[in-house]
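A.B. asks: Numbering-wise (full-length UniProt numbering), the first sequence opens with residue 1 and increments by one.
Quick reminder that beta carbons are idealized off the backbone N, C-alpha and C, glycines included.
On a predicted model such as this, the values are computed, not experimentally measured, just so you know.
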Amino acid sequence: MSARARRTSFPEVVIERDSDTEKSSDDEEEVEDDVVESDDQEEEDDNEEQKGKEAEVSSAANKKGKAPITISLKKVCKVCKRTGHQAGFQGPTYIDCPMKPCFLCKLPGHTTVNCPHRVAMEFGVIPAYRKRTNNSLDYVFERQVRHRVPSIKPEFVIPDEVNCAVIRYHSRRVTCLEFHPTNNNILLSGDKKGQLGVWDFGKVHEKTVYGNIHSCLLNNMKFSPANDGTVYAASSDGTMSCTDLETGLSTPLMDLNPNGWQGPNSWTMLYGMDLNAEKGLVLVADNFGFLHLVDTRSNSQKGNSILIHKKGTKVVGLHCNPFQPDLLLSCGNDHFARIWDIRRLEAESCLQSLPHKRVVNSAYFSPISGSKIVTTSIDNRIRVWDSIFGNLETPSREIVHSHDFNRHLTPFRAEWDPKDPSESLVVVGRYISENYNGLALHPIDFIDISTGQLVAEVMDPNITTITPVNKLHPRDDVLASGSSRSLFIWRPKEKSEMVQEKDERKIVVCDRKNSKFGDDDDDSGDDFSSKKGKNGKSKSKKPILVTTPCSSSKKKKKKS
DNA sequence: AGTCGATGCTCCC
DNA sequence: TGGGAGCCCTCGAC
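#1: Any chance the segment 438–449 sits against the segment 221–233, with 3 or more Cβ pairs inside 8 Å?
#2: Report the partner residues of residue 207 according to the DSSP bridge assignment.
#3: My assumption, with CB atoms under 8 Å, is that residue 300 sits in contact with residue 318. Please give the rounded CB distance.
#4: Can you give, in chain order, each stretch of the beta strand (DSSP E) that sits fully within the segment 404–455 and has at least 3 residues?
#5: Looking at the strands, I want to know which residues DSSP matches up with residue 281.
#6: Using a Cβ-Cβ cutoff of less than 6 Å, which residues in the same chain neighbour residue 251 once the five nearest sequence positions on both sides are dropped?
#7: When we look at the beta-carbon of residue 334 and count the other beta-carbons within 10 Å, is it buried (16 or more) or exposed?
#8: Comparing alpha-carbon positions, which option in 387, 413, 510, 438 lies nearest residue 447?
#9: Nearest to residue 328 by CA position, among 350, 310, 336, 312, is which residue?
#10: With DSSP as the reference, label residue 355 as helix, strand or coil.
#11: For residue 268 and residue 177, I'd like the C-alpha separation in whole angstroms.
#12: Since residue 315 contacts residue 293 with CB under 8 Å, what's their CB separation in whole angstroms?
#13: According to DSSP, simplified to helix, strand and coil, what is residue 169?
#14: Quick check: what's the CA-CA separation for residue 338 versus residue 352?
#15: Just verifying my parser: in three-state terms, what is the DSSP assignment at residue 125?
#16: Count the other CB atoms within 10 Å of the CB of residue 90; is the residue buried (16 or more) or exposed (fewer)?
#17: DSSP has residue 382 in a bridge; who is on the other side?
#18: When DSSP builds the beta bridges, which residues end up paired with residue 221?
#19: Should residue 125 and residue 399 be called a contact, given that it needs their Cβ atoms to be closer than 9 Å?
#20: Once the 5 residues before and after residue 298 are set aside, which same chain residues still bring their CB inside 8 Å of it?
#21: Residue 405 to residue 391, Cα distance in whole Å?
#22: What are the boundary residues of the alpha helix (DSSP H) that includes residue 118?
#23: What are the boundary residues of the beta strand (DSSP E) that residue 179 is part of?
#24: What is the rounded straight-line gap between the Cα of residue 88 and the Cα of residue 158?
#25: How many angstroms separate the CA atom of residue 410 from the CA atom of residue 464?
#26: So what's residue 182 in DSSP terms, helix, strand or just coil?
#27: If you drop the 5 nearest sequence neighbours on each side, which residues of the same chain put their C-beta closer than 8 Å to that of residue 537?
#28: Are the beta-carbon atoms of residue 217 and residue 194 separated by less than 9 Å?
#29: Determine the DSSP secondary structure at residue 113, reduced to helix, strand or coil.
#30: According to DSSP, is residue 476 helix, strand or coil?
#31: Excluding five sequence neighbours on each side, which residues of the same chain lie with their C-beta closer than 7 Å to the C-beta of residue 454?
#32: Check this for me: beta carbons of residue 275 and residue 210, under 9 Å apart or not?
#33: Skipping 5 residues on each side, what residues in its chain have a beta carbon closer than 6 Å to that of residue 207?
#34: So for residue 485, helix, strand or coil by DSSP?
#35: Look at the Cβ atom of residue 396, then the Cβ atom of residue 371, and state whether they are nearer than 9 Å.
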């Protein structure tokens, strides 16, 4: 009996067989066959479904006539390409490849299922503890800053229910969000195509998208502190723009590719951006490690560009300290976050380098006192420095959290709650899914960065996509999320109910072409609620969200 | 329901 | 340092 004939535990498809007596002369193949057999034994023991396929082709190149080609269907792990196990979704639960390090904490020896960081997110985190250096900066902190940070933590208010949304607001994935500084209902959103959305979520059906400002990824935007009708934006097309929100008219303040496309080695993209209101400066950083300053009064570049990160690497984040705007925090792909003094900016003049193990997606000073730093790195760790006046050699805390890099997703950024006086609440989307009543959902996490504890995980059975872009409202208990091409507004449950009393929850489906309901004004669509969970496990889904009419909308006409 | 492809980015050699 | 291989929980179209 040949080896192939004995293989009975999985389906076999013989495409062509010339002669049963012909055997492959290739020794290596013989060995492989043996390996396969032992794997088969495991499969029988496991008694699992056979999925995947492996084509075994006997070369028989030295023989005349046709070679036998046997394709056997058996399970192959798509991660490590070995047999005997399989990674992937089994229903709503993702099974990791046991041959790889933990997908969550990146350590070997276990998978995410029993990773201690998944069981308890605060695992291994040292609760609030400030390293005292007893130097003069510590003294300054005690005198000037400490009283701004209350020692008693207020109760966190979590916006945990979808209040309104526009499905497919953008034609490409959302890259950034920004709330209007004075108008509570205006949300700005940028997308991968460079389009800028202006959404008044008080009037859900009204949708404005400016498509002619940038030609690719809108990476960051900020409102002008001098004029809240004006917004600055940095894009991968190499331009930094200043746009009037009323008219949509845009002025390019900087174009780093004035000669157009000259090849990938010279094409400059703008990523990190922030404003220094005191000095009237826009700070932007590019993909070659340089920082550029633009004077908003003269609309011209100020000084020379300065290399602030390793030459040739992206600088993805810039943040001016809210308390001392001359302090600048940058982060980038050279695995560093850096603190700078804008008054003394030159290459290698940074006050402090904060090393990370991998690329740093974001680095922010705390929003009120500016004395803390939170960074998000693609090594699946949120790092916290409790005081920029203290010892910055090592972070005060490292919180393991799933926010891996994926080329199809906007990079995750942990964002402060600007309303939290204790400066300890942070919001960040989660990459890996969890099984919630038979649905694989990717929640949005609220984390207390002083303890590493998961304060809340916010999800909706209808949002099955990953939500990497999140922004908390500067004044209201509102969370804005960008998930794929859609925008969501969350409010706390009780408040949501109050709002609904006078105006029902509003979910609008955009994109005429892809929606069978056709019209933005059409209120009958259930595209949102009909979305399936992972692996089509939609049976146990609670249909809590439906497309409801906007009662205040005057445009109530049905298409015949 | 299952497959496929668009593709940017990281990191290793 | 440059080039290129490879990429584990995408997402949406067909």
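C.D. replies: Considering the structure as presented:
#1: no
#2: 199
#3: Between residue 318 and residue 300 the Cβ distance is about 19 Å, and since that is not below 8 Å, they are no contact.
#4: 425–429, 434–436, 439–441, 444–448
#5: 276, 295
#6: 242
#7: buried
#8: 413
#9: 350
#10: strand
#11: 23 Å
#12: Actually they do not touch by this definition, with Cβ atoms about 13 Å apart.
#13: coil
#14: 6 Å
#15: coil
#16: exposed
#17: 376, 399
#18: 233
#19: yes
#20: none
#21: 29 Å
#22: 116–119
#23: 174–179
#24: 32 Å
#25: 16 Å
#26: coil
#27: With a pLDDT of only 38 at residue 537, under the threshold of 50, the placement of this residue in the model should not be trusted; the figure read from the coordinates follows. Answer for residue 537: 91, 92, 438, 439, 440, listed in chain order.
#28: yes
#29: helix
#30: coil
#31: 121, 445, 447
#32: no
#33: none
#34: coil
#35: no
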